[in-house]
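Visitor: Listed in order, the protein sequences are those of chains A and B. Plus 796 on top of the position in the first sequence (first one is 1) and you've got this note's numbering. Plus 796 on top of the position in the second sequence (first one is 1) and you've got this note's numbering. For glycine and all other residues, C-beta sits at the position ideal for the given N, C-alpha and C. Fair warning: this is a prediction, and the values are worked out from it, not measured in the lab. Before I ask anything, let me first share the structure, which is written out below as structure tokens.
Protein chains: 2
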Amino acid sequence: MAIHDHHEHAGNDLTRAAQTTLEKSGEQWTSMRERVFEALAGFDKPASAYDIAEAVSKAEGRRVAANSVYRILDLFVGANLVRRVESANAYVANAHPDCLHDCIFLVCDSCGQTTHIDDDAITKTVRSAAKNTGFSPVRPVIEVRGKCADCD
Amino acid sequence: MAIHDHHEHAGNDLTRAAQTTLEKSGEQWTSMRERVFEALAGFDKPASAYDIAEAVSKAEGRRVAANSVYRILDLFVGANLVRRVESANAYVANAHPDCLHDCIFLVCDSCGQTTHIDDDAITKTVRSAAKNTGFSPVRPVIEVRGKCADCD
DNA sequence: GGCTGCGATGTTATGTTGTAACTTCATGCC
DNA sequence: GGCATGAAGTTACAACATAACATCGCAGCC
Numbered sequence: 797m798a799i800h801d802h803h804e805h806a807g808n809d810l811t812r813a814a815q816t817t818l819e820k821s822g823e824q825w826t827s828m829r830e831r832v833f834e835a836l837a838g839f840d841k842p843a844s845a846y847d848i849a850e851a852v853s854k855a856e857g858r859r860v861a862a863n864s865v866y867r868i869l870d871l872f873v874g875a876n877l878v879r880r881v882e883s884a885n886a887y888v889a890n891a892h893p894d895c896l897h898d899c900i901f902l903v904c905d906s907c908g909q910t911t912h913i914d915d916d917a918i919t920k921t922v923r924s925a926a927k928n929t930g931f932s933p934v935r936p937v938i939e940v941r942g943k944c945a946d947c948d
Numbered sequence: 797m798a799i800h801d802h803h804e805h806a807g808n809d810l811t812r813a814a815q816t817t818l819e820k821s822g823e824q825w826t827s828m829r830e831r832v833f834e835a836l837a838g839f840d841k842p843a844s845a846y847d848i849a850e851a852v853s854k855a856e857g858r859r860v861a862a863n864s865v866y867r868i869l870d871l872f873v874g875a876n877l878v879r880r881v882e883s884a885n886a887y888v889a890n891a892h893p894d895c896l897h898d899c900i901f902l903v904c905d906s907c908g909q910t911t912h913i914d915d916d917a918i919t920k921t922v923r924s925a926a927k928n929t930g931f932s933p934v935r936p937v938i939e940v941r942g943k944c945a946d947c948d
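Structure below.
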């Protein structure tokens, strides 16, 4: 699937990888951050900040404000632990926070399932097409809306 | 800029082209629709539905609800008169409603200026990468965030 | 003329997503 | 203890989007 090899983390392994990556970037891995990360990783499709706030609230037995979740998500996105799916206003945990990619999301319009592919050839082409028009690309957003194999 | 040649409309010409395209798709070109289209075309960067509602309200001297604007924008997007910039929650008039493209937006994070390129080679590659994973692509969303030549 | 059907628009309300400003809490350090 | 700092809580609000229902205007028909 990916052009190069890298390790895909899952479950506790993923959480540990996230923790390591975050700490390497000089940030703390707090229990609140862990809960947010695990809540997000527990969804099988992109989750909104409010979805996460609700999940954490439930798990926690107390009210957690969306606000706090946003703060943490922003931090996570900056540290590559989490990606934002722009066309869905939602977030997904990054299965390999330890390597940096422009990534491509395939978002099913029926069921919301979102799969993630890395294709550096495509993203490089997009970046250079942008550069050719005098634009300095920072972050390509490449998402494909359509139907997943199950819904098709 | 574009891979193939097509006519870029502007000003009144663009409005007429939009009208023609919309009518060809079996919809009416009402005065309200014209006002919304012209308001959008009058912005030099992507405009939100609320921006447009405000512009039309001002031009009209009466309050126009965002709601009505959304309805018309949805119609326009469906008829290819207008494109939605997902990563900006905003809309732009399509300079050539008469031909259908997956299109690529370059969005400046500083000034909001958004330029539009058509590169069918890229979009075809993206579509086929999606197909290769069993996904049926319907609408690629390809946007590049970065800095425009002026802001760089 | 008056009735009816229909598409467009208006109106009001509400849901969802995202930020801002300020407070409180926990921890480490002096 | 007192204080600095960063995390998290609280409250308020701004921005984006949709839903439900009322009204208007016009074409077709009796």
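What are the partner residues of His881(B), as DSSP defines its beta bridges?
Guide: It should be pointed out that residue 881(B) corresponds to Val in this sequence rather than to His. Note: Val881(B) sits in a beta bridge opposite Ala886(B).
Visitor: Does any C-beta atom of chain B lie closer than 8 Å to the C-beta of Arg867(A)?
Guide: No, Arg867(A) lies away from the interface with chain B (no Cβ there is under 8 Å from its Cβ).
Visitor: Are Asp905(A) and Arg880(A) closer than 8 Å when you measure CB to CB?
Guide: no
Visitor: Look at Ile848(A) and Ile938(B) and say whether their C-beta atoms are less than 8 Å apart.
Guide: Contact flag unset, no.
Visitor: Applying the criterion that 16 or more other CB atoms from any shown protein chain within 10 Å of the CB defines a buried residue, is Val922(B) buried or exposed?
Guide: buried
Visitor: Could one say the Cβ of Thr921(A) lies closer than 8 Å to chain B's Cβ atoms, at least one of them?
Guide: yes
Visitor: So, at 7 Å on beta carbons, what are the nonlocal neighbours of Asp894(A) in its own chain, with the 5 sequence-adjacent residues on each side left out?
Guide: Counting only Cβ-Cβ distances below 7 Å, and skipping sequence neighbours, we find Ala813 and Thr817.
Visitor: Counting pairs of beta carbons, one from the segment 864–875 of chain B and one from the segment 905–921 of chain B, are three or more of them closer than 8 Å?
Guide: no
Visitor: Cutting at 8 Å between CB atoms, please list the residues of its own chain near Asn876(A), excluding the five before and the five after it.
Guide: Thr817, Asn890, Pro893 and Leu896
Visitor: Have a look at Lys820(B) and Asp948(A) and give me their C-alpha separation to the nearest angstrom.
Guide: 30 Å
Visitor: Taking DSSP as the reference, what is the three-state secondary structure of Lys841(B)?
Guide: coil
Visitor: DSSP on Thr919(A), reduced to helix/strand/coil?
Guide: The three-state reading of DSSP puts Thr919(A) in helix, counting H, G and I together.
Visitor: Buried or exposed for Lys854(B), please, with buried defined as at least 16 other CB atoms from any protein chain shown within 10 angstroms of its CB.
Guide: exposed
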